[in-house]
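Engineer: First the structure, which I've put down as structure tokens, then a few questions once you've had a look.
Number of protein chains: 2
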Amino acid sequence: MLRIFTDVETGRRELLLRARAEESSLPEAVGARLKEALGAELEPGAAVAEIIRRVRAGGDEALRQLTRDLDGAEPAALEVERSQVREAYTRVDPALVSALRYAAERIRAFHTMHLPRSWMQYESGGAIGQIIRPLERVGLYSPRGSAGYPSTILMSAVPARVAGVDEIVLCAPPVDGALPSASTLVAADVAGVDRVFAIGGAQAIAAMAYGTETIPRVDKVLGPGNLFVALAKKQVSGDVAIDQIAGPTETLLVADETADAGAVALDLLAQSEHDPMASALLITTSLDLAKRVAAEIDARLPALSRGAVAAESLRRNGGAVVVPDLATALDLANGYAPEHLCLLCRDPWSLVGRVRNAGGVFVGEQSLEAIGDYTAGPSHIMPTGGTARFSSPLNVWDFLKVTSLFALSPEKAREVGPAAVTIAEAEGFTAHAEAIRHRQRGGGT
Amino acid sequence: MLRIFTDVETGRRELLLRARAEESSLPEAVGARLKEALGAELEPGAAVAEIIRRVRAGGDEALRQLTRDLDGAEPAALEVERSQVREAYTRVDPALVSALRYAAERIRAFHTMHLPRSWMQYESGGAIGQIIRPLERVGLYSPRGSAGYPSTILMSAVPARVAGVDEIVLCAPPVDGALPSASTLVAADVAGVDRVFAIGGAQAIAAMAYGTETIPRVDKVLGPGNLFVALAKKQVSGDVAIDQIAGPTETLLVADETADAGAVALDLLAQSEHDPMASALLITTSLDLAKRVAAEIDARLPALSRGAVAAESLRRNGGAVVVPDLATALDLANGYAPEHLCLLCRDPWSLVGRVRNAGGVFVGEQSLEAIGDYTAGPSHIMPTGGTARFSSPLNVWDFLKVTSLFALSPEKAREVGPAAVTIAEAEGFTAHAEAIRHRQRGGGT
């Protein structure tokens, strides 16, 4: 199953150069439903623009109509009631509830550790600094089906709560025509989500971005979703903040001859069972290890509940590259900038300082991504598609904003004013210069 | 000149509700030049896509051709040489050089104060944490004409340098067919920019996003620019990080009857001289003050070198609203979420805690925005158009990224693993669960 490349350049070209993601085409049934609902055959982008227009103009009534026409669902109410959340607990395995609570506490503890505070630097009786405050309200989206996981709700809502966001709302499509799944409702409750709305798709993103009678306007919209959700997030961006549009998940393992082939194989399989588009990659200094891992994968695939997905993912995007040394492995890894970078080799800590581009680095065989996905503490929402070159895993900064503080004392203003006058005049701004000079002459208090 | 609204609701509706910015239409000459260069009459978005395509395919040669055809310029070389930077110093007023150096030092000192560090939390012999590292390479853009200010180069390049970015490059269009302006070159040098390229427009953004033979690919593109530059930034976004697309600048002054009418008038004029689209707004508890400010503005306008711009801006977007109390003033200000919020009243510090949405808050009459634009220390690049609701002034975080660190000890993995297994199984991921169990059974080292 596992392709092995023993030539570094071929491996890089075949495995580590991502083709630019193309806009997926619509299944026919979806296209037909869209056409019926919107009254015209529209490209996905235009359909989403029309959905957003309708929600902005029609509010709750438009939301209900779109949910009927596009999702074939008719929720009794847009908002899920507290009693329905309580009832959801009775339909979820108590062991899962405990595990979610445990995970939430680990996530809370981790994100609390890097919560920044407002600060001021006093100088000459005045001060400059940063006022760091949480966003007032954020909106999470949790999709139906793949990517609509309870753990993902924890991984965004808990850091938002830690940041001090006043209100967290969640939109999730009804799964049986009425309510989001019980595990979605329980995860939202465990994570501290304040209000849940049984609504999905582009219309949910529009409702959170602009507000309706029932759904409050938020300051930031986050969460994974299908093509329509992603397009809607792009279109509302600027009127509201959005998170990154997530691409397929990816893991790159760096392993030497000391790695346990079973562990490596299982980590690659865990990655590839996510999604047929997921990428599970191995870079190793040992051809022997690569061969043993390939055999382990073949042996273990049949027992997996999602074995077909894993096999499809490995066939499309998976593989191993054999390299002469770990320095080459790290060079390849930094060039690829994986979402997850796992170091399974003799002295993994010694490689951490060479990691330049990765969403998360997993140090040693006990630090497996499958734990990082749930209970290690850091959020599992990480940059994909090579964007780890310039972006970060979700963290409390995603829910904070800065207001720069300027509070100059008269002495400080007299000290720093003259240079400002010089630059203002060079830039042609005479009112700027005069506004400063007016103070220097004693104007203002 | 200054419109005064004594009814709060009318003032809010007329002054404080921003119309959504529309895409500006092209001047005819620009359209004609585009058509000739690209061989077809294209909408701005399509023209930019074609320019990006040509730069990606043709590299330096395409850049030269586009610069010839679109800018009518023929720089001898794409890169500005060190000797040309040295020569630029001889064409700039030494007082300006000193003022820029002074400003750069203030900016450096401020941004150094909030430079975050990587951190780890050790637990049971392992650790979790955040590796915080600078981006490797960033690209700044400085436009010709309005918005192409030396101070703006300092306000982005100095924080990038503080963050530890390895290489900072700057693209700026040649102003006389050969080189960017002398003050641009000097500001870039003072700010610590490593390489300057004499190239402008959408083609410069494309070159920095994808790289050419001469211009290196960067991880993030920042800086103001015209419609083409903004569209190019949007189109390359995702392949490279971009900063926010800046809207027209805006200042909201909150003043009571104790404010100095001359200071208020000059601050409004300083704001409005930026740009005919700039917004200079006053919210005051004193109708008498508003009237005196209006008179001061009329008296001072004729003396300003950019008086016509200021008058146009005040006519379009400027004005005063009289409110019954400061609490109402702060409510209006938070609803508007201005780029700059200036507090000119008896006890300005007491209002700081009520500021929820603003790019920068200027406390008291000596803390005027005209100083904040140059020498106070915080960057003058701040969120416009109401985006202060959810975004921040430029700061060192814009040049940093996080890699989450997962380094579990065997003991910690045994402790946090079981809950992860429970959630993985509930989510249907059997390979995840098995990867964890394999370790718990003693697999891996």
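Protein chains in written order, with the numbering used here: chain E, 1 to 445; chain S, 1001 to 1445. Glycine residues also receive a C-beta, built at the ideal position from the N, C-alpha and C atoms. Just so we're clear, the structure is a prediction, and the values are computed from it rather than from any experiment.
Return the first residue and the last residue of the alpha helix (DSSP H) that H1111/S is part of.
Structural biologist: Unbroken alpha helix (DSSP H) run through H1111/S: P1094 to M1113.
Engineer: List, in order along the chain, the chain E residues whose C-beta lies closer than 8 Å to that of R1133/S?
Structural biologist: Near R1133/S (Cβ distances below 8 Å), the residues of chain E are R356.
Engineer: So if I threshold CB-CB distances at 9 Å, which residues from the region 104 to 120 of chain E count as touching chain S?
Structural biologist: Listed by position along the chain: R106, A109, F110, M113, H114, P116 and W119.
Engineer: Mind checking who C342/E pairs with in its DSSP beta bridge?
Structural biologist: Answer is L253/E and F362/E, bridged to C342/E.
Engineer: Under 7 Å, do I1436/S and A1419/S count as touching if we go by C-beta distance?
Structural biologist: Cβ distance not < 7 Å, so I1436/S and A1419/S don't count as in contact.
Engineer: Could you tell me if K1233/S is buried or exposed, where buried requires 16 or more neighbouring beta carbons within 10 angstroms of its beta carbon?
Structural biologist: Flag for K1233/S reads buried.
Engineer: Check the DSSP bridge columns for E79/E and list the partner residues they point to.
Structural biologist: Paired residue(s): F197/E.
Engineer: Between D1219/S and the rest of its own chain, which residues show a CB-CB distance below 8 Å, the 5 nearest in sequence each way excluded?
Structural biologist: Hits under 8 Å: L1135, E1136, R1137, V1138, V1240 and A1241.
Engineer: Just mark P1027/S as buried or exposed, buried being the case when its beta carbon has 16 or more other beta carbons within 10 Å.
Structural biologist: When all chains shown are included, P1027/S counts as exposed.
Engineer: Using DSSP with H/G/I as helix, E/B as strand and the rest coil, what is Y1336/S?
Structural biologist: Helix.
Engineer: Straight-line CA distance for L1400/S to E1296/S?
Structural biologist: Taking the straight line from one Cα to the other gives about 45 Å.
Engineer: For the region 150 to 211 of chain E, which segments carrying the alpha helix (DSSP H) assignment without a break, of at least 4 residues, lie completely within its bounds, in sequence order?
Structural biologist: With a minimum length of 4 residues, the continuous alpha helix (DSSP H) runs that stay inside the region 150 to 211 of chain E are 150 to 163, 182 to 191 and 201 to 210.
Engineer: Anyone know if the C-beta pair for A99/E and T1422/S falls short of 7 Å?
Structural biologist: For A99/E and T1422/S, yes; Cβs fall inside 7 Å.
Engineer: In its own chain, which residues sit with a C-beta less than 7 Å from the C-beta of M1001/S, not counting the 5 before and 5 after it?
Structural biologist: The residues are A1294, I1297, D1298, L1301, A1311 and L1314.
Engineer: Strictly by DSSP, which residues pair up with A280/E?
Structural biologist: A280/E is bridged to T251/E.
Engineer: Counting C-beta neighbours from all protein chains within 10 Å, is the total for Y122/E 16 or more, i.e. buried, or is it exposed?
Structural biologist: Burial call: exposed.
Engineer: Name the residue from G1377/S, I1205/S, A1407/S and F1406/S whose alpha carbon lies nearest to the alpha carbon of L1394/S.
Structural biologist: Measuring from the Cα of L1394/S, the nearest candidate turns out to be G1377/S.
Engineer: Which residues share a DSSP beta bridge with G129/E?
Structural biologist: Answer is M120/E and L405/E, bridged to G129/E.
Engineer: To the nearest angstrom, report how far apart R1316/S and S1272/S are at their CA atoms.
Structural biologist: Answer to the nearest angstrom: the Cα atoms are 10 Å apart.
Engineer: Tell me which residues of the region 215 to 230 of chain E have at least one Cβ-Cβ distance to chain S shorter than 7 Å, keeping chain order.
Structural biologist: Result list: D219 and K220.
Engineer: Between the C-alpha atoms of T453/E and R56/E, what's the straight-line distance to the nearest angstrom?
Structural biologist: Residue 453/E lies beyond the residue range present for chain E, which begins at 1 and ends at 445; the question has no answer from this structure.
Engineer: Do I1168/S and L1078/S count as a contact pair if the criterion is CB distance below 7 Å?
Structural biologist: No, the Cβ-Cβ distance between L1078/S and I1168/S is not below 7 Å.
Engineer: DSSP state of V1323/S, grouped into three classes?
Structural biologist: If DSSP states are grouped into helix, strand and coil, V1323/S belongs with coil.
Engineer: Does any C-beta atom of chain E lie closer than 7 Å to the C-beta of S1313/S?
Structural biologist: S1313/S does not count as touching chain E.
Engineer: Which partner residues of F1005/S appear in the DSSP bridge assignment?
Structural biologist: Per DSSP, V1321/S.
Engineer: How long is the line joining the alpha carbons of G364/E and S1379/S, rounded to whole angstroms?
Structural biologist: Each residue's Cα considered, the two are about 41 Å apart.
Engineer: Taking the beta strand (DSSP E) that V1221/S falls in, what are its first and last residues?
Structural biologist: V1221/S -> beta strand (DSSP E) spans K1220 to L1222.
Engineer: What does Q235/E reach in chain S if we use C-beta pairs closer than 9 Å?
Structural biologist: Result: empty, since nearest Cβ-Cβ is about 12 Å, beyond 9 Å.
Engineer: So, for S1124/S: in the same chain, excluding its five sequence neighbours on each side, which residues have a beta-carbon less than 6 Å away from its beta-carbon?
Structural biologist: Here the set comprises S1409, E1411 and K1412.
Engineer: One question on the structure: do L231/E and V48/E come within less than 7 Å of each other, judged by their Cβ atoms?
Structural biologist: In this structure, V48/E lies closer than 7 Å to L231/E by Cβ.
Engineer: Helix, strand or coil for G1011/S per DSSP?
Structural biologist: G1011/S falls in the helix class under three-state DSSP.
Engineer: Skipping 5 residues on each side, what residues in its chain have a beta carbon closer than 7 Å to that of I1205/S?
Structural biologist: Around I1205/S: Y1141, V1221, V1229, A1232, K1233 and V1236.
Engineer: Closest to F1406/S by CA distance: which of H438/E, H340/E, L34/E and A308/E is it?
Structural biologist: Of H438/E, H340/E, L34/E and A308/E, the residue nearest in Cα terms is H340/E.
Engineer: Do you know whose CA, among S1391/S, Q1366/S and G1045/S, lies nearest D1260/S's CA?
Structural biologist: With distances taken between Cα atoms, D1260/S lies closest to Q1366/S.
Engineer: Pull up the distance between the alpha-carbon of V1355/S and that of G443/E, whole angstroms please.
Structural biologist: Going from the Cα of V1355/S to the Cα of G443/E covers about 25 Å.
Engineer: Confirm, please, whether the CB-CB distance from V8/E to A88/E is below 7 Å.
Structural biologist: Contact flag unset, no.
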